[in-house]
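Asker: Residue numbers for the sequence shown follow our numbering, so the first one is 4 and each next one is one higher.
Cβ atoms here follow ideal geometry from the backbone N, Cα and C, with glycine treated the same way.
Can you keep this structure in mind? I'll have questions shortly.
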Amino acid sequence: DGGFTWNEIGNYLPRGLWCSRIETSNFRDGRGYLSLTGYRDDDFRTYLYRSEDSGRTWESIKGNLPDESVNVIREDPANEDVLYIGTDTGVFVSLDRGESWEVLQSGIPISPAHDLVVHPRDNDLVVGTHGRSIYVMDIEPIQKLTGEIRNKSIHVFELDDVREYRTWDRDPSAVIRETRIEPLNIHYWMSDKGDVKVTVKDSNDVVVRRLKDTGHRGINVLQWDLEVDRDVELGRQLKKANKQIDKIKKDIAKLDKPADKESKQAEPDPESDESGDKKESSAEDKEKDRQKRSRLNLDLKNAKFEVEKIKQVMDEPKTYGDLPEDTRVNMIRKIYVSGGKYKVEVKSDKGSHSVTLQVGSADSGGRGRSRTE
4 DGGFTWNEIG NYLPRGLWCS RIETSNFRDG RGYLSLTGYR DDDFRTYLYR SEDSGRTWES
64 IKGNLPDESV NVIREDPANE DVLYIGTDTG VFVSLDRGES WEVLQSGIPI SPAHDLVVHP
124 RDNDLVVGTH GRSIYVMDIE PIQKLTGEIR NKSIHVFELD DVREYRTWDR DPSAVIRETR
184 IEPLNIHYWM SDKGDVKVTV KDSNDVVVRR LKDTGHRGIN VLQWDLEVDR DVELGRQLKK
244 ANKQIDKIKK DIAKLDKPAD KESKQAEPDP ESDESGDKKE SSAEDKEKDR QKRSRLNLDL
304 KNAKFEVEKI KQVMDEPKTY GDLPEDTRVN MIRKIYVSGG KYKVEVKSDK GSHSVTLQVG
364 SADSGGRGRS RTE
């Protein structure tokens, strides 16, 4: 009733402990979670409870947690089965509403996690530690880990769309100064530990990158720096540029063709108005053709320059091969994935799964979601 009256709901809980956090459910009325701690009295046992009846009764959800103080518990706003806790050694996650727990460090050092917040828009878990800074973790794969997925041997989660990073047509020093490549996280689920092979193919089923990883039971994360096989990618760009040259040459040839026979008709009376209109129209057409030819010649020049630039980049390993290692690594450009659709497949000896990755142009910006196959 807004705080006018209060009822004791801790009669069946251990007494003399500090209530470190109480969390009400967003999914069901009467459901709540409670963490207690006795660290002030040197009691470092785990006290973690769930209630389904507004606190009249409580059930321990310690599960397989080690004995340590629990500072905070949070329910995932998108998946009622997922819980997060912060203890004096780090962060744990439950995928079954507290029946069992797994460590969720993911780069977080061993330190007391004093508060947790799930960002409602970005699906990130924000971890506030005691003395070891703040950490942000992408938890969308955890939110989407349904029972159906857990029953699979392997599953790849949807990938963020990425923008392309073109480096082959820029000065190497500018690439080093300006390009900040944001790696792509490939999240995948495995039912058992094992080695996996990750293959990235373009729309023509050509392999542009191969990766390897050792997966563990649960959700795994493999970072791809978006670098691709330089010979494959530059070969694709060279083929594309040569096709463009052929197209431009055909367009120029069409303009240079003599007028067809249909235009060779009897000339109209030079004194008629119709004759003057046709002369004016003919002059306009010639000017349009001249402007179009000029644009095509410029496009042809640029396309030829692009072909030469690609060839130079292809020869960089040979050109700079004799330079010292620290200099050579800065002169030979890394080649990254270009715009288009790609198929990312994760394969183990138990099975495989693939998703589609969309790579947009540098101007498209933003990140979206891919389509699962």
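For the segment 225 to 243 against the segment 198 to 212, do three or more pairs of beta-carbon atoms, one drawn from each stretch, fall closer than 8 Å, so that the two count as touching?
Answerer: Verdict: yes, contact present.
Asker: So what's threonine 60 in DSSP terms, helix, strand or just coil?
Answerer: Threonine 60 falls in the coil class under three-state DSSP.
Asker: Between which two residues does the beta strand (DSSP E) holding asparagine 74 run?
Answerer: Note, asparagine 74: beta strand (DSSP E), 73 to 78.
Asker: Between Ile184, Asn126, Ile157 and Asp228, which lies nearest to valine 199 when the distance is taken from Cα to Cα?
Answerer: Measuring from the Cα of valine 199, the nearest candidate turns out to be Ile157.
Asker: On a CA-only basis, which of Ala116, Cys22, Thr49 and Ala81 is nearest asparagine 29? Give me that one, please.
Answerer: For asparagine 29, the nearest C-alpha among the options comes from Ala81.
Asker: Going along the chain, which residues of its own chain have a beta-carbon closer than 6 Å to the beta-carbon of alanine 269, five neighbours each way excluded?
Answerer: Confidence at alanine 269 is low in this model, with a pLDDT of 48, below 50, so its placement is unreliable and the value that follows should be read with caution. For alanine 269, where only same-chain residues beyond five positions count, there are no Cβ hits under 6 Å.
Asker: Looking at C-beta atoms only, is the number of pairs between the segment 111 to 124 and the segment 53 to 71 that lie closer than 8 Å three or more?
Answerer: Taking 8 Å as the limit for Cβ pairs, the verdict is that the segment 53 to 71 does not touch the segment 111 to 124.
Asker: Is valine 130 closer than 7 Å to valine 94 when the C-beta atoms are compared?
Answerer: Against a cut-off of 7 Å, the Cβ pair of valine 130 and valine 94 comes out as a contact.
Asker: Does alanine 269 come out as helix, strand or coil in the three-state DSSP assignment?
Answerer: Its pLDDT being 48, under 50, alanine 269 is placed unreliably in this model, and the coordinates cannot settle the point.
Asker: What first and last residue would you give for the beta strand (DSSP E) that runs through aspartate 198?
Answerer: Unbroken beta strand (DSSP E) run through aspartate 198: 197 to 204.
Asker: Below 7 Å between beta carbons: does that hold for aspartate 152 and tryptophan 104?
Answerer: This sequence places isoleucine at residue 152; aspartate is not what is there. Their beta carbons are not under 7 Å apart, which means isoleucine 152 does not touch tryptophan 104 by this criterion.
Asker: Report yes or no: do three or more beta-carbon pairs, one from the segment 357 to 364 and one from the segment 210 to 220, lie closer than 8 Å?
Answerer: As far as the Cβ criterion goes, the segment 357 to 364 does not touch the segment 210 to 220, which means the pair count is below three.
Asker: Give the straight-line distance between the Cα atoms of proline 17 and valine 139, rounded to the nearest whole angstrom.
Answerer: Their Cα atoms are separated by approximately 34 Å.
Asker: Quick one: is tryptophan 9 buried, meaning 16 or more other Cβ sit within 10 Å of its Cβ, or exposed?
Answerer: Exposed: under 16 other Cβ atoms inside 10 Å.
Asker: Hey, aspartate 70 and threonine 90: beta-carbon distance below 7 Å or not?
Answerer: No, Cβ-Cβ distance for aspartate 70 and threonine 90 is not below 7 Å.
Asker: Please state the DSSP three-state secondary structure of asparagine 188.
Answerer: Strand at asparagine 188.
Asker: So is serine 351 buried or exposed if we call it buried at 16+ other beta carbons inside 10 Å?
Answerer: Buried, since its Cβ has 16 or more Cβ neighbours within 10 Å.
Asker: Inspect the CB distances between the segment 316 to 335 and the segment 252 to 261 and report whether three or more fall short of 8 Å.
Answerer: No, the segment 316 to 335 does not touch the segment 252 to 261.
Asker: Specify, as a first and last residue, the run of the beta strand (DSSP E) that aspartate 127 falls within.
Answerer: That run of the beta strand (DSSP E) goes 127 to 132.
Asker: Only counting runs of 3 or more residues, tell me where the beta strand (DSSP E) segments fall wholly within the segment 197 to 254, in order along the chain.
Answerer: List check, beta strand (DSSP E) in window: 197 to 204, 210 to 218 and 221 to 227.
Asker: Would you check if the distance between the CB atom of valine 106 and the CB atom of isoleucine 145 is smaller than 7 Å?
Answerer: Result no, Cβ atoms of valine 106 and isoleucine 145 do not sit closer than 7 Å.
Asker: Could you tell me the distance, in whole angstroms, from the CA atom of proline 186 to the CA atom of aspartate 163?
Answerer: Cα-Cα distance, rounded: 11 Å.
Asker: Residues bridged to histidine 356 by DSSP?
Answerer: Val349.
Asker: Using a 10 Å radius around the Cβ and a threshold of 16 neighbouring Cβ atoms, would you call histidine 219 buried or exposed?
Answerer: It counts as exposed.
Asker: Name, in chain order, the residues that DSSP records as bridge partners for phenylalanine 95.
Answerer: In the DSSP output, where bridge partners are listed per residue, phenylalanine 95 has Ile88 and Val106.
Asker: Tell me the rounded alpha-carbon separation between arginine 180 and lysine 314.
Answerer: Its pLDDT being 46, under 50, arginine 180 is placed unreliably by the model, and nothing is read from it.
Asker: Under a Cβ-count criterion, where at least 16 other Cβ atoms within 10 Å of its own Cβ denotes burial, should isoleucine 251 be classed as buried or exposed?
Answerer: Result: buried.
Asker: With DSSP run on the structure shown, which of helix, strand or coil describes phenylalanine 308?
Answerer: Residue state, collapsed to three classes: helix.
Asker: Per DSSP, glutamate 26 is paired with what?
Answerer: Bridge partners of glutamate 26: Tyr36.
Asker: Locate the beta strand (DSSP E) running through asparagine 118, then write down its first and last residues.
Answerer: Correcting the residue type first, residue 118 is aspartate in the shown sequence and not asparagine. Taken as a continuous stretch (DSSP letters only), the beta strand (DSSP E) holding aspartate 118 covers 116 to 121.
Asker: Which of helix, strand or coil does DSSP assign to arginine 169?
Answerer: Arginine 169: coil per DSSP, three-state reduction.
Asker: Is it true that the CB of leucine 37 sits closer than 7 Å to the CB of tyrosine 52?
Answerer: Contact flag set, yes.
Asker: Helix, strand or coil for serine 297, going by three-state DSSP, please let me know.
Answerer: Reduced to three states, the DSSP call for serine 297 is helix.
Asker: Considering only C-alpha positions, which residue in the set Leu128, His133 and Asp99 is nearest to leucine 148?
Answerer: Comparing Cα positions, the closest option is Asp99.
Asker: By a C-beta neighbour count over all protein chains shown, 10 Å radius and 16 as the cutoff for buried, is asparagine 154 buried or exposed?
Answerer: Exposed, by the Cβ-count rule.
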